[in-house]
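Q: The opening position of the sequence shown corresponds to residue 1 in full-length UniProt numbering, with each subsequent residue numbered one higher. Backbone N, C-alpha and C define an ideal beta-carbon position, used for all residues, glycine too. It should be emphasised that the depicted structure is a prediction, and the values quoted were computed from it without experimental measurement. Please find one structure pasted underneath; my questions will follow.
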Amino acid sequence: MPEGHTLHRLAGLHGGLFAGTEVQVRSPQGRFATSASLLTGSVFERAEAHGKHLFHFYGPDRVVHVHLGLYGTFTESELPLTEPRGQVRMRIVGRTHWTDLRGPTACELLTGEEVAALRGRLGPDPLRRDADPERAWQRISRSRTSIAALLMDQKVLAGVGNVYRAEVLFRHGIPPYTPGRSLAREQWEAIWADLVELMADGVRVGRIDTVRPEHLPEVTGRAPRQDRHGGEVYVYRRAGMPCLICGTPVAMADLSARKLYWCPTCQET
């Protein structure tokens, strides 16, 4: 599932392509046809993201909410249009470009009140300027749940997925099964600051890179990562491989139906 940086990157892209212009909205697949007919010919005001949720604003009570889920994708192209390929839930056509949305978990038209209610259920997003990390800390510091599970709980912290979860815990040497209430405030503040920086970098470059400069392949002489996710990481999807720092085999376990990765030595209890 795309992590938060992907949605913020899409918000920036769609805002750059369509904001302030009249657009045509269509639903070749038909599942969004009623809402598309209400929006077509409207001015695309702006795009925003909160965690893994994308919002296209056409007015205070006309907001398209998209959650990509596991399979959703946007593709962008320059005009002229081509025939839709596959199951296109929503097509937006602007002056110079168009975008197609396929396979989302959610694509729905909401009112401003409904958007506020949805966002009210989400935790702070490290990529938003209005984020309040204290909200997340208040939940974490009272919880018996592991910090690894809490970081993936979108009600606690919005936008963090499996990669950022594993990597930020490794970078700070925190055992993943540490109960939230056992985490020191200083550790939480360091985690938050690191997520802000790492995820902002993800928005800029379009991939997740978490390895510090001194541990990059060109410095250490190791082979670069070969993985469809791209980017250099310490532990994510490296189960059984030697830790880049200490050489201990990276561990993996299932936690809340997701794979958890960590170094038993660098993140020793």
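1) For residue 266, collect the residues of the same chain with a Cβ closer than 8 Å to its Cβ; drop the 5 residues on either side in sequence, then sort them by chain order.
2) Over the uninterrupted alpha helix (DSSP H) stretch that includes residue 37, give me the two end residues.
3) Just verifying my parser: in three-state terms, what is the DSSP assignment at residue 58?
4) Alpha carbon to alpha carbon, how far is residue 2 from residue 126?
5) What ranges does the beta strand (DSSP E) occupy inside the region 2-27, keeping only unbroken runs of at least 3 residues that lie completely in it?
6) Assuming residue 171 is part of the beta strand (DSSP E), what are its boundary residues?
7) Where residue 168 and residue 217 are concerned, what is the direct C-alpha to C-alpha distance, given to the nearest angstrom?
8) Between the alpha carbons of residue 181 and residue 187, how many angstroms are there, rounded?
9) For residue 77, which of helix, strand or coil comes out of DSSP?
10) Report the residue from 175, 198, 228 and 189 whose alpha carbon sits nearest the alpha carbon of residue 251.
11) Is residue 184 helix, strand or coil when you go by DSSP?
12) Between the Cα of residue 53 and the Cα atoms of 41, 60, 72 and 45, which residue gives the shortest distance?
13) At 4 residues or longer, what runs of the alpha helix (DSSP H) sit wholly inside the region 116-161?
14) Is the shortest distance between the beta-carbon of residue 237 and the beta-carbons of chain B less than 8 Å?
15) Where does residue 193 sit, in a helix, a strand or coil, going by DSSP?
16) Please give the ranges of any beta strand (DSSP E) in the region 215-265, keeping only runs that are unbroken, at least 3 residues long and fully inside the region.
17) Would DSSP call residue 100 helix, strand or coil?
18) Give a yes or no on whether the C-beta atoms belonging to residue 96 and residue 79 are separated by under 8 Å.
19) Touch check for the region 140-158 and the region 115-129: three-plus C-beta pairs under 8 Å?
A: This is what the structure holds:
1) As a working note, residue 266 is residue 266 in the sequence shown. Closer than 8 Å at the Cβ level, and outside the excluded window around residue 266, lie 170, 173, 243, 245, 246 and 248.
2) Residue numbering aside, residue 37 sits at position 37 when the sequence shown is read from its first letter. The continuous alpha helix (DSSP H) containing residue 37 extends over residues 33-39.
3) The count along the sequence shown starts at 1 and reaches residue 58 at position 58. Note: residue 58 maps to strand in three-state DSSP.
4) Position 2 of the sequence shown, counted from the first residue, corresponds to residue 2. Position 126 of the sequence shown, counted from the first residue, corresponds to residue 126. Distance between the alpha carbons of residue 2 and residue 126: 15 Å.
5) Segments of the beta strand (DSSP E) lying fully in the region 2-27: 24-26.
6) As a first step, residue 171 is located in the sequence shown; it is residue number 171 there, counting from the start. Premise fails: residue 171 lies in the alpha helix (DSSP H), 162-171, not in any beta strand (DSSP E).
7) Locating residue 168 in the sequence shown gives position 168, where the first residue counts as 1. Locating residue 217 in the sequence shown gives position 217, where the first residue counts as 1. Going by the C-alpha atoms only, they are around 20 Å apart.
8) On the sequence shown, position 181 is the one that residue 181 refers to. On the sequence shown, position 187 is the one that residue 187 refers to. So the alpha carbons of these two residues sit roughly 12 Å apart.
9) Counted from its first residue, the sequence shown places residue 77 at position 77. In the structure shown, residue 77 sits in a strand (DSSP, three-state: E or B).
10) On the sequence shown, position 251 is the one that residue 251 refers to. Of the candidates 175, 198, 228 and 189, 175 places its Cα closest to the Cα of residue 251.
11) Translated into positions along the sequence shown, residue 184 becomes position 184. Correct three-state label for residue 184: coil.
12) Looking up residue 53 in the sequence shown gives position 53. Looking at the Cα atoms, 72 is the closest of the given residues.
13) Counting only runs of 4+ residues, the alpha helix (DSSP H) found wholly inside the region 116-161 occupies 133-140 and 147-152, in chain order.
14) In the structure shown, chain B does not exist; there is a single protein chain.
15) Locating residue 193 in the sequence shown gives position 193, where the first residue counts as 1. The answer is helix: DSSP assigns residue 193 an H, G or I state.
16) Given a length threshold of 3 residues, each whole run of the beta strand (DSSP E) inside the region 215-265 is given here in chain order: 251-255 and 258-262.
17) The residue you call residue 100 lines up with position 100 of the sequence shown. In the structure shown, residue 100 sits in a strand (DSSP, three-state: E or B).
18) Your numbering for residue 96 matches position 96 in the sequence shown. Your numbering for residue 79 matches position 79 in the sequence shown. A contact, by the Cβ cut-off of 8 Å.
19) Taking 8 Å as the limit for Cβ pairs, the verdict is that the region 115-129 does touch the region 140-158.
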